[in-house]
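J.: Before anything else, here's the structure in question.
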Amino acid sequence: MEVPVLSDRLPLISLVDIRKHYGGGDKPRVEILHGISLDIHAGEFVAIVGASGSGKSTLMNILGCLDKPSSGRYDFAGRNVADMEADELAWLRREAFGFVFQGYHLIATETAQENVEIPALYAGMPERERAERAQALLTRLGLGERLHYRPKQLSGGQQQRVSIARALMNGGRIILADEPTGALDSRSGEEVMRLLNELADAGHTIILITHDRDVAANARRVIEIRDGHVISDTGVLQPSLANTAPAFKLEADASQVAWRGDMLEACRAAWRVMWVNRFRTALTLLGIIIGVASVIVMMAVGMGTKERVVAELGAFGTNHIYVRPKHESSKVPGRGISVGDLEAIGDIPQITYVLPNLSGNKVVRYGNQDVQTRIKGSGAAMARMLNWPVEKGAFFSEEDNQRMATVAVIGPRLAQNLMPDVENPVGETVLIGNVPFQVIGVLVSKGAVTGDQSDDDLVVIPYSTASMRVFGERDPSYVTLEVGDMKQIDAVAKAVDDVLFSRHQIRDYGMENAAGWIAAQAKTQDSMSIMLALIAVISLLVGGIGVMNVMLMTVRERTREIGIRMATGARQRDILQQFLTEAVLVTTVGGVTGVLSGLAIGVILVFWGMPVIFSLSAIIGAFFCSVITGLVFGFMPARQAAKLDPVVALASE
Ligand code: ADP
Ligand code: MG
Numbered sequence: 022m023e024v025p026v027l028s029d030r031l032p033l034i035s036l037v038d039i040r041k042h043y044g045g046g047d048k049p050r051v052e053i054l055h056g057i058s059l060d061i062h063a064g065e066f067v068a069i070v071g072a073s074g075s076g077k078s079t080l081m082n083i084l085g086c087l088d089k090p091s092s093g094r095y096d097f098a099g100r101n102v103a104d105m106e107a108d109e110l111a112w113l114r115r116e117a118f119g120f121v122f123q124g125y126h127l128i129a130t131e132t133a134q135e136n137v138e139i140p141a142l143y144a145g146m147p148e149r150e151r152a153e154r155a156q157a158l159l160t161r162l163g164l165g166e167r168l169h170y171r172p173k174q175l176s177g178g179q180q181q182r183v184s185i186a187r188a189l190m191n192g193g194r195i196i197l198a199d200e201p202t203g204a205l206d207s208r209s210g211e212e213v214m215r216l217l218n219e220l221a222d223a224g225h226t227i228i229l230i231t232h233d234r235d236v237a238a239n240a241r242r243v244i245e246i247r248d249g250h251v252i253s254d255t256g257v258l259q260p261s262l263a264n265t266a267p268a269f270k271l272e273a274d275a276s277q278v279a280w281r282g283d284m285l286e287a288c289r290a291a292w293r294v295m296w297v298n299r300f301r302t303a304l305t306l307l308g309i310i311i312g313v314a315s316v317i318v319m320m321a322v323g324m325g326t327k328e329r330v331v332a333e334l335g336a337f338g339t340n341h342i343y344v345r346p347k348h349e350s351s352k353v354p355g356r357g358i359s360v361g362d363l364e365a366i367g368d369i370p371q372i373t374y375v376l377p378n379l380s381g382n383k384v385v386r387y388g389n390q391d392v393q394t395r396i397k398g399s400g401a402a403m404a405r406m407l408n409w410p411v412e413k414g415a416f417f418s419e420e421d422n423q424r425m426a427t428v429a430v431i432g433p434r435l436a437q438n439l440m441p442d443v444e445n446p447v448g449e450t451v452l453i454g455n456v457p458f459q460v461i462g463v464l465v466s467k468g469a470v471t472g473d474q475s476d477d478d479l480v481v482i483p484y485s486t487a488s489m490r491v492f493g494e495r496d497p498s499y500v501t502l503e504v505g506d507m508k509q510i511d512a513v514a515k516a517v518d519d520v521l522f523s524r525h526q527i528r529d530y531g532m533e534n535a536a537g538w539i540a541a542q543a544k545t546q547d548s549m550s551i552m553l554a555l556i557a558v559i560s561l562l563v564g565g566i567g568v569m570n571v572m573l574m575t576v577r578e579r580t581r582e583i584g585i586r587m588a589t590g591a592r593q594r595d596i597l598q599q600f601l602t603e604a605v606l607v608t609t610v611g612g613v614t615g616v617l618s619g620l621a622i623g624v625i626l627v628f629w630g631m632p633v634i635f636s637l638s639a640i641i642g643a644f645f646c647s648v649i650t651g652l653v654f655g656f657m658p659a660r661q662a663a664k665l666d667p668v669v670a671l672a673s674e
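Whatever position you read off the sequence shown (first residue = 1), add 21 for our numbering.
Here's what the structure looks like:
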C-alpha cells in the first residue's frame with residue numbers, strides 16, 4: 022500500500038467542490054451539500070456549526086471516509102480518497118481517524134475496556150499491549166474503576182468518555198466528533214469539551230460538529246454551514262500550528278501479524294454473542310445435534326448388529342450349502358432329494374462332504390419319564406461340521422451309521438429333563454417310539470434358547486437308523502454340503518443346482534448358503550448406509566438453514582454494531598471473519614453436543630442389550646460435517662454483513 026506522508030505545507034484534508042445528494046432514479050433527488058470547499062491542516066481545532074438538517078453529519082461522514090461524495094474531490098494528506106480501495110479506507114478510519122458520536126455508539130455486549138480495544142484489534146496490536154493501552158486511556162479519562170462495566174451500566178457522560186478513549190486507541194490523530202455533547206447534561210458536556218481542548222493542545226486535529234454556537238466557541242476556527250453551503254469560516258490560524266502537530270506518518274498495515282490473536286478474539290466475541298442469545302442458539306442447534314447424534318448412534322448399532330451376525334454365522338459354518346426339498350413336493354413320493362441325488366452331488370469335486378439330515382419330533386421315554394423332543398438323524402461328521410463336540414462319552418461313527426446302530430447322542434438339557442437323577446447318562450437306554458437306543462454320548466451345551474425350545478433339547482442318531490427305524494422315510498429333510506474352498510462356494514452352489522435341475526427338470530428344491538446370506542446382509546447394510554447418509558444430509562441441511570436463519574437475524578440485529586466496527590477500522594474481511602467464526606462456533610458447539618449425545622444414547626442402548634460398536638470415523642465425519650455446515654451456511658449472512666455500507670449500518674436502529 023502506498024503510504025501518504027504529510028508535508029507541513031500540504032493541508033491534511035482538502036475538499037474541493039464536494040457535493041452530496043440522496044435519491045435519484047425513481048426517488049426524488051435531493052442535494053444536501055452544494056459544493057463545499059475547505060482545507061484543514063494538521064493540529065487544527067475546527068468547529069463546523071450549523072442548524073439541524075444543514076448537512077453537518079453528512080459532511081462529517083464524508084470527512085471520515087465513512088461515506089463518499091457524489092462529486093468533488095477529497096484529498097487526504099495529498100492522496101485522492103476516490104482512488105482508495107475499501108481496505109485502504111478502512112485503514113484510514115483505523116489509523117487516522119477517531120470518531121466520537123452523539124449516541125456514543127458503543128457495542129452493548131462488550132465491556133468498556135473491550136470497546137476501547139476494538140480499533141487496536143483491527144490494527145493487529147498484541148493482546149497484552151492492547152489491554153494495557155485501553156486501561157491507561159480509560160484511567161486517564163477517569164474510568165479506571167469501571168473497566169469491566171458494560172455501556173448500560175455507565176452514565177451518558179461516562180459512555181462518551183469511553184468513546185473518546187476508543188477514538189484515541191490507535192493514536193486518534195484526527196478526532197471527528199459529531200455533536201459529542203448533544204446527549205449530555207451540561208456538566209458532562211463541559212467535561213467532554215475540556216477533554217477535547219486538552220487533546221487539541223496535545224496536537225490532535227479536532228473536527229467538532231455542533232449546532233450549538235457556545236460549544237463551537239471552544240474551537241480555534243469555526244466554519245458555519247447552512248443548507249449545504251459554507252457561509253462563514255474564521256479561517257486557518259497560526260501556520261505555526263502545523264509545525265507543532267505530531268509527525269503524521271502513517272505506518273504500513275500490520276494486520277497480518279496477529280492473525281491468530283484475531284481468530285482467538287473473534288471466537289471470544291462469538292462466544293459472548295452466543296451466550297447472550299443462548300436459548301435461540303440452542304433451538305437452532307437442535308437440527309445439527311439430532312443429525313450428528315443419529316448418524317453416530319445408527320452407525321454404531323449397524324456395526325454392532327453386523328458384528329453379531331458375523332459371529333453367529335461363524336458358529337453356523339460359512340462353507341456350507343444347505344439344500345432342502347420345497348415343501349409341497351417333499352410330500353410327493355420320489356420328488357424329494359433322493360439318495361441318487363446325493364450321490365450325484367457327491368461327485369462334484371469341490372464338495373468334501375455330503376451330510377443328509379432327517380429330523381422330526383418324537384416322544385422319548387426313560388423309565389416312566391416321557392418327553393416330546395426333536396430327533397435328528399445325521400452323519401458322523403455332524404459333530405465336526407457344526408463344531409459341536411460331546412461333553413461325555415462319544416459321538417457315533419460312520420460304521421454305526423452303516424450298520425444302522427441304535428445308538429443316540431443326547432443334548433444336555435434333555436438329559437436333565439429325562440433323567441434328572443442319573444449322574445452319567447452314557448450307557449443308559451432310552452426308547453424312541455418303540456425302539457430302544459443306547460445313549461453313548463452327551464453333547465456340550467449350545468446354550469441358545471428360543472422360547473421353550475432349546476438347542477440342547479435334542480437326540481442325534483445315525484441317519485440310516487433314523488430313516489429306516491424311526492421315521493420310515495428314505496429322503497433327507499435337508500442336506501448339508503461342505504465345500505472345501507469357501508471362495509468357490511457360489512460356483513459350487515451353481516454346480517449343485519445344475520446337477521439337481523438336470524435330474525428333476527424342475528426347481529422343486531431350495532438352496533441357501535452363508536456366503537449368499539452374507540452378501541444379502543452386505544446389501545441391506547449398503548442400503549442402510551445410504552439411508553443414514555440421507556438422514557445425515559437432511560438433518561444437517563435443516564440445521565444449516567437454521568444457522569443461516571439465525572445468522573441473518575444476527576446480522577440484522579447487529580447492523581449498527583457492524584457500522585461501529587467499520588467506523589473503528591474493521592475491513593470487510595474482518596467482518597466476514599467475525600460472522601463466519603460465529604457461525605462455525607455455533608455449529609461446532611452443535612457438533613460436540615451431537616457427538617456427546619450420540620455416545621450417551623449408544624451407552625444407554627448397550628445397557629438395553631443392543632449390540633453397539635462406535636465408529637471413530639463416523640464420529641469424526643459427523644462432527645466435521647457439522648462444522649462445514651456452519652462454514653457453508655454462515656457464508657452468505659457473513660458476506661451480507663461485510664458488504665454493508667458503513668454509514669447505512671451506523672444509521673440503523
Ligand atoms: P445535520 O447533521 O446537520 O443535522 P444531516 O447531515 O444529518 O444534518 O442531514 C442533512 C439532510 O440530509 C437532512 O435533511 C436529512 O434529512 C438528509 N439526509 C440525511 N441522510 C439521508 C439519507 N440517507 N437519505 C436521504 N436524506 C438524507
Ligand atoms: Mg447530525
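Here a beta-carbon is modelled for each residue, glycine too, at the ideal position from N, C-alpha and C.
1) Pull up the distance between the alpha-carbon of alanine 481 and that of arginine 395, whole angstroms please.
2) Among Glu211, Val456, Pro377 and Ala290, whose alpha-carbon lies nearest the alpha-carbon of glycine 398?
3) Given 8 Å as the limit, is there contact between the region 428-435 and the region 458-467, that is, 3 or more CB pairs closer than that?
4) Mapping DSSP to helix, strand and coil, what is leucine 307?
5) Using the Cβ count rule (16 or more neighbours within 10 Å means buried), how would you classify leucine 217?
6) Could you check the C-alpha separation between glycine 642 and valine 102 for me, to the nearest Å?
7) Would you say the beta carbon of glycine 619 is closer than 7 Å to some non-hydrogen atom of the ligand ADP?
8) I'd like the span of the beta strand (DSSP E) that includes glycine 377, first residue to last.
9) Measuring CA to CA, which of Asp476, Tyr484 and Arg490 is closest to proline 457?
10) Would you call the region 493-511 and the region 360-380 touching, i.e. three or more CB-CB distances under 8 Å?
11) Which residue's Cα is closest to the Cα of glycine 454: Asp391, Ile527, Met403 and Ser475?
12) Does the beta-carbon of proline 267 have 16 or more other beta-carbons within 10 angstroms, so that it is buried, or is it exposed?
13) Can you tell me which of Val627, Arg187 and Ala144 puts its alpha carbon nearest to the alpha carbon of leucine 162?
14) Quick one: is arginine 114 buried, meaning 16 or more other Cβ sit within 10 Å of its Cβ, or exposed?
15) Could you spell out where the alpha helix (DSSP H) holding leucine 84 opens and where it closes?
16) Using CA atoms only, rank isn't needed, just tell me which of Lys347, Gly367 and Pro172 is closest to glycine 531.
17) Taking all protein chains shown into account, decide if tryptophan 112 is buried (16 or more other Cβ within 10 angstroms of its Cβ) or exposed.
18) Run the CB neighbour count on methionine 552, radius 10 Å, all protein chains shown included, and call it buried at 16 or more, exposed below.
19) Considering only heavy atoms of the ligand ADP, does any lie closer than 7 Å to the CB of serine 78?
20) Roughly how far, in whole angstroms, is the beta-carbon of phenylalanine 416 from the beta-carbon of glycine 462, given that I think they are within contact range, below 8 Å?
21) Skipping 5 residues on each side, what residues in its chain have a beta carbon closer than 6 Å to that of phenylalanine 122?
22) Any heavy atom of the ligand MG closer than 7 Å to the CB of glutamate 109?
23) Rounded to the nearest angstrom, what separates isoleucine 342 and proline 483 at their Cα positions?
24) Under the criterion of a Cβ to heavy atom distance below 7 Å, does isoleucine 57 qualify as lining the ligand HEM?
25) In chain order, what residues of the same chain have a beta carbon less than 6 Å from the beta carbon of leucine 306, not counting five sequence neighbours either side?
26) In chain order, what residues of the same chain lie with their CB nearer than 7 Å to the CB of alanine 402, ignoring the 5 residues before and after it?
27) Do serine 58 and leucine 736 come within 8 Å of each other at the CB atom, strictly closer than that value?
28) For tyrosine 43, count neighbouring Cβ atoms within 10 angstroms of its own Cβ and tell me buried if that reaches 16, exposed if not.
29) Does DSSP classify glutamate 106 as helix, strand or coil?
30) Let's see if you can read the secondary structure: which residues bound the beta strand (DSSP E) around glycine 93?
31) Of all the options Arg208, Arg293, Phe492 and Asn570, which has the alpha carbon lying nearest to the alpha carbon of threonine 130?
32) Could you spell out the range, first to last residue, of the alpha helix (DSSP H) harbouring lysine 173?
33) Would you mind stating whether arginine 528 and valine 451 have Cβ atoms separated by less than 8 Å?
34) DSSP three-state call for lysine 270: helix, strand or coil?
35) Write down every uninterrupted run of the beta strand (DSSP E) in the region 222-258 whose length is 3 residues or greater and which is fully enclosed by it, in chain order.
36) Which two residues bound the contiguous beta strand (DSSP E) that contains leucine 197?
T.: By the coordinates alone:
1) Indexing the sequence shown from 1 puts residue 481 at position 460. Indexing the sequence shown from 1 puts residue 395 at position 374. Strictly speaking, residue 481 in this sequence is valine, with alanine absent from that position. Whole-angstrom Cα-Cα distance: 9 Å.
2) Residue numbering aside, residue 398 sits at position 377 when the sequence shown is read from its first letter. Of the candidates Glu211, Val456, Pro377 and Ala290, the one whose C-alpha sits nearest the C-alpha of glycine 398 is Pro377.
3) By the Cβ rule, the region 428-435 counts as touching the region 458-467, because three or more pairs are nearer than 8 Å.
4) The count along the sequence shown starts at 1 and reaches residue 307 at position 286. Look at leucine 307 here: in three-state DSSP terms it is helix.
5) Numbered from 1 along the sequence shown, position 196 holds the residue referred to as residue 217. Counting other Cβ atoms within 10 Å of its Cβ, leucine 217 reaches 16 or more and is therefore classed as buried.
6) As a first step, residue 642 must be located in the sequence shown, where it is residue number 621. As a first step, residue 102 must be located in the sequence shown, where it is residue number 81. Straight-line Cα distance between these residues: approximately 49 Å.
7) Locating residue 619 in the sequence shown gives position 598, counting from the first residue. Not so, every heavy atom of the ligand ADP lies at least 7 Å from the Cβ.
8) Indexing the sequence shown from 1 puts residue 377 at position 356. First, the amino acid is wrong: residue 377 is proline here, not glycine. Note, proline 377: beta strand (DSSP E), 372-387.
9) For the purposes of this step, residue 457 is taken as residue 436 along the sequence shown, with counting starting at 1. Of the candidates Asp476, Tyr484 and Arg490, the one whose C-alpha sits nearest the C-alpha of proline 457 is Arg490.
10) yes
11) In the sequence shown, the residue the question calls residue 454 occupies position 433. Selected option, being the one with the closest Cα: Asp391.
12) Position 246 of the sequence shown, counting from 1, holds the residue named residue 267. Bear in mind that a pLDDT of 42 at proline 267, under 50, signals an unreliable position, so the number given afterwards is only what the model happens to contain. Its Cβ having fewer than 16 others within 10 Å, proline 267 is exposed.
13) Locating residue 162 in the sequence shown gives position 141, counting from the first residue. The shortest Cα separation from leucine 162 among Val627, Arg187 and Ala144 belongs to Arg187.
14) In the sequence shown, residue 114 corresponds to position 93, counting from 1. Buried.
15) As a position in the sequence shown, residue 84 is number 63, starting the count at 1. Looking at the DSSP string, the run of the alpha helix (DSSP H) that includes leucine 84 is 77-84.
16) Here residue 531 refers to the residue found at position 510 of the sequence shown. Per the Cα distances, Lys347.
17) One-based indexing of the sequence shown puts residue 112 at position 91. By the 10 Å Cβ count, tryptophan 112 comes out buried.
18) As a position in the sequence shown, residue 552 is number 531, starting the count at 1. So methionine 552 ends up on the exposed side.
19) Mapped onto the sequence shown, residue 78 falls at position 57. The ligand ADP has a heavy atom closer than 7 Å to the beta-carbon of serine 78.
20) By one-based count along the sequence shown, residue 416 stands at place 395. By one-based count along the sequence shown, residue 462 stands at place 441. Rounded to whole angstroms, the Cβ separation of phenylalanine 416 and glycine 462 is 6 Å, and the two are in contact under 8 Å.
21) As a working mapping, residue 122 is identified with position 101 in the sequence shown. Spatial neighbours of phenylalanine 122 in its own chain (CB-CB distance under 6 Å, excluding positions within 5 residues in sequence) are listed in chain order as Asp199.
22) Residue mapping note: residue 109 aligns to position 88 of the sequence shown, counting from 1. Result no, Cβ not under 7 Å from the ligand MG.
23) As a position in the sequence shown, residue 342 is number 321, starting the count at 1. As a position in the sequence shown, residue 483 is number 462, starting the count at 1. Their backbone Cα atoms lie some 21 Å apart in a straight line.
24) Absent from the structure shown: the ligand HEM. Ligands present: the ligand ADP and the ligand MG.
25) Start at 1 with the first residue of the sequence shown, and residue 306 comes out as number 285. Result list for leucine 306: Gly611, in chain order.
26) Within the sequence shown, numbered from 1, the residue matching residue 402 stands at position 381. Once the five neighbours on either side are set aside, the close Cβ partners of alanine 402 are Tyr374 and Leu376.
27) Absent from the model: residue 736. The displayed extent of the chain is 22 to 674, so no value can be given.
28) Sequence index remark: in the sequence shown, residue 43 carries index 22 (1-based). So tyrosine 43 counts as exposed.
29) Start at 1 with the first residue of the sequence shown, and residue 106 comes out as number 85. Three-state DSSP puts glutamate 106 in coil, outside helix and strand.
30) Residue mapping note: residue 93 aligns to position 72 of the sequence shown, counting from 1. Start and end: 92-97.
31) Within the sequence shown, numbered from 1, the residue matching residue 130 stands at position 109. Answer by Cα proximity: Arg293.
32) Position 152 of the sequence shown, counting from 1, holds the residue named residue 173. Lysine 173 -> no alpha helix (DSSP H), and no H or E assigned at all.
33) As a working mapping, residue 528 is identified with position 507 in the sequence shown. As a working mapping, residue 451 is identified with position 430 in the sequence shown. No, these two residues do not count as a Cβ contact at 8 Å.
34) Taking the first residue of the sequence shown as 1, we reach residue 270 at position 249. Residue placement at lysine 270 is poorly supported in this model, since its pLDDT is 45, which falls under 50; the coordinates still yield a value, given next. It is a strand residue.
35) 226-231, 242-247 and 250-254
36) Translated into the one-based positions of the sequence shown, residue 197 becomes position 176. Here the beta strand (DSSP E) through leucine 197 covers 195-199.
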